[in-house]
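Student: Sequential numbering from 105 applies to the sequence shown in the numbering used here.
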Amino acid sequence: MASGLAHRSAPIAGKPRSYRTAQTHIRFLLKQQQESDAMRNIDSNQLIDEARFNAFHWRVLFWCALIIIFDGYDLVIYGVVLPVLMQEWGLSPLQAGALGSYALFGMMFGALFFGSLSDRIGRKKVIAMCVVLFSGFTVLNGFASNPTQFGICRFIAGLGIGGVMPNVVALMNEYAPKKIRSTLVAIMFSGYSVGGMLSAGLGIVLLPNFGWQSVFYVAAIPLLLLPLILKFLPESVGFMLRQGREEEARQVLQRIEPRFVPQPGDQFVKAALKAAGAPVVQLFREGRALSTLMLWVAFFCCLLMVYALNSWLPKLMASAGYGLGSSLMFLLVLNFGAIFGAVGGGWIGDRLKLQKVLVTFFAVAALSISLLGFKSPTGLLYGLIAIAGATTIGTQILAYACVAQFYPMAIRSTGLGWASGVGRSGAIVGPLLGGALVGIQLPLHYNFMAFAIPGAVAALAMCFVYQRPAKAVPVGQASAPSL
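(1) Please name the residue or residues paired with F372 in a DSSP beta bridge.
(2) At 4 residues or longer, and completely inside the region 261 to 294: list those alpha helix (DSSP H) runs for me, N to C.
(3) What's the gap between the Cα of P197 and the Cα of L546?
(4) Can you tell me whether G176 is helix, strand or coil according to DSSP?
(5) State the Cα-Cα distance for the pair G559 and P362, rounded to the nearest angstrom.
(6) Looking at the unbroken alpha helix (DSSP H) that takes in G557, where does it start and where does it end?
(7) Just tell me which of L458, L462, Y504, G201 has its CA closest to the CA of G266.
(8) Indicate whether M409 and G534 have their beta-carbon atoms separated by less than 9 Å.
(9) Do G441 and G498 have their C-beta atoms within less than 9 Å of each other?
(10) For the alpha helix (DSSP H) that I489 lies in, which residues bound it at each end?
(11) Rounding to the nearest angstrom, what Cα-Cα distance links P573 and I256 in this structure?
(12) Measuring alpha carbon to alpha carbon, tell me which residue in A169, A523, A323 is nearest M292.
(13) Figure out for me which residue from L165, A200, W162 has the closest Cα to the Cα of A540.
(14) Using only the alpha-carbon positions, how far apart do K228 and L337 sit?
(15) Throw me the rounded Cβ distance for the N57 and Q459 pair, which I believe falls under 8 Å.
(16) By alpha-carbon positions, which one of H161, Q347, A290 ends up nearest to T495?
(17) Among P512, M513, L476, A531, which has the Cα closest to the Cα of A551?
(18) If the criterion is Cβ atoms closer than 9 Å, does the pair W522 and W416 meet it?
(19) Compare the Cα-Cα distances from L502 to each of Q386, R285, V309 and report the closest residue.
(20) Straight-line CA distance for T518 to S340?
(21) Identify which residue in Q317, G299, S480, I557 has its Cα closest to the Cα of V180.
(22) When you compare only the Cα positions, how much space is there between I225 and L537?
(23) Keeping to the same chain, check which residues put their C-beta closer than 6 Å to that of A280; ignore five residues upstream and five downstream.
(24) Answer yes or no: do A531 and Y411 have a C-beta to C-beta separation smaller than 9 Å?
(25) Report, in whole angstroms, the separation of the C-beta atoms of P222 and V230, which I expect to be a contact under 8 Å.
(26) With C-beta atoms as the reference, is Q509 less than 9 Å away from N277?
(27) Using only the alpha-carbon positions, how far apart do R163 and E390 sit?
(28) Applying the criterion that 16 or more other CB atoms from any shown protein chain within 10 Å of the CB defines a buried residue, is Q386 buried or exposed?
(29) With 16 other CB atoms within 10 Å as the buried threshold, where does V309 fall?
(30) Using only CA atoms, which one of F434, M433, V461 lies nearest to G445?
(31) For G493, is the classification buried or exposed, using 16 other Cβ atoms within 10 angstroms of its Cβ as the cut-off for buried?
(32) Would you grab the beta carbon distance between S297 and G176 for me? Rounded to a whole angstrom, and I think it's under 8 Å.
(33) Within the same chain, show all residues whose beta-carbon is closer than 8 Å to that of F466, passing over the 5 residues directly before and after it, in chain order.
(34) For P331, does the count of other Cβ atoms within 10 angstroms reach 16, so buried, or fall short, so exposed?
(35) Distance check for Y426 and L151, CA to CA, integer angstroms please.
(36) Considering K457, what are the terminal residues of the alpha helix (DSSP H) in which it resides?
Next comes the structure, spelled out in structure tokens:
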């Protein structure tokens, strides 16, 4: 025994004792690291948060933005053809407002239903379903021969328009690196404004030459692109992990962060309240009740302003003495301003608190809209409309980003769907309110004052939204530190 101990204590020939001790320590550390590596907890959210922006993010941004462009086109198109439809079908202002609200009713139900459905069957499938609905039935609008047929097609298209919004926002928010998350979501959602500009621009060209039906036929493009969307748009990593599809999740994570090297013993953690299902009651738990209600109020007011302006701005400006081309140009400027509001607000929101940006934008929206009804030089009027677009449509885009960041991943689509769905009631009220005001022939500035009041209410509501961090829940049992 003594000789054995003496043998083990003898220094390696030609090497000092300190060298042997150091080598033993290194082998011990390597073994410990291997054991640790075999039991790693991989936090997919943290890995995505800290990833560098690369080609994968570009691909997600491109396809999500393209979907939103056509989503916005299909939505704004009604305001473009409204003056022509009122003349051709002999619609009263109230009837025109009601007809415009059919799509918004559909959007409300679509956001509520498809927002929750995607947390169960996946975002990619739901997005594809919504594209078929909003694209296909918008094309069918071009074949409508009376208001009833038109309204039915608008309602069904609205289901897809409302359902796709919360899902592409949730998908972009999930894959965007944390440092530029608000900016990327805002850039993606500014596709809505690009779609609105495209709708107004094509309306100026197509309406006089090919009739109102032609602008609806353009909506067939997303149907042609659907196979490419299904091929290149990724599924949610969080959904794949909840479904036990860990190998697929690993492949996606490697594309997000090429430095990530999966190992056989890896186990995943996720930020979740519940692995399966996401009931709406979860939106009110863990101190989220007041904030959830205030977000709903803000969405209601914001969407009321957005759809009141998108539906009635051309008609109000036409009644103020501007021609159809000039009135549609105002709509184009409104959506053009929204791009700068969304991207600029997202950039500021990544550096300051996004909630504060929303409060400021809502207050500016109330002021700029209230000034639209007063006689102004044309240049100033265009400037006010651009500011109104930046702080209404642009703020709507930022509000989606705010909600996406507020809720944990497992209930993110549900939270977005309900905020959007409840907000759609404001979108329904907006065109109806505009129709009622035009019908009773109030002075122009009273119409815009009525559209401005919700901005002040939304600014106040956002003051009561408090962000609370989501809790991380392990998937599987492991004790090693998270990557």
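Positions of the beta carbon are idealized from the N, C-alpha and C atoms, including for glycine.
Tutor: Let's see:
(1) I146
(2) 285 to 293
(3) 13 Å
(4) helix
(5) 44 Å
(6) The identity of residue 557 in the sequence shown is Ile, whereas the question assumes Gly. Where I557 is concerned, the enclosing alpha helix (DSSP H) stretches over 548 to 566.
(7) Y504
(8) yes
(9) yes
(10) 482 to 510
(11) Because P573 carries a pLDDT of 49, less than 50, the predicted location of this residue cannot be relied on, and no value is offered for it.
(12) A169
(13) A200
(14) 7 Å
(15) A query on residue 57 cannot be resolved here, the shown segment of the chain reaching from 105 to 587 and no further.
(16) A290
(17) A small correction: the amino acid at residue 551 is Asn; Ala does not occupy that position in the sequence shown. Of the listed residues, the one whose Cα sits closest to N551 is L476.
(18) no
(19) R285
(20) 14 Å
(21) G299
(22) 37 Å
(23) L288
(24) yes
(25) Note on residue identity: the sequence assigns Ser, not Pro, to residue 222. About 4 Å separates the two Cβ atoms, so the contact holds.
(26) yes
(27) 35 Å
(28) buried
(29) exposed
(30) V461
(31) buried
(32) 7 Å
(33) A402, C405, C406, T495, T499, G559, A560, A562, A563, M566
(34) exposed
(35) 54 Å
(36) K457 -> no alpha helix (DSSP H), and no H or E assigned at all.
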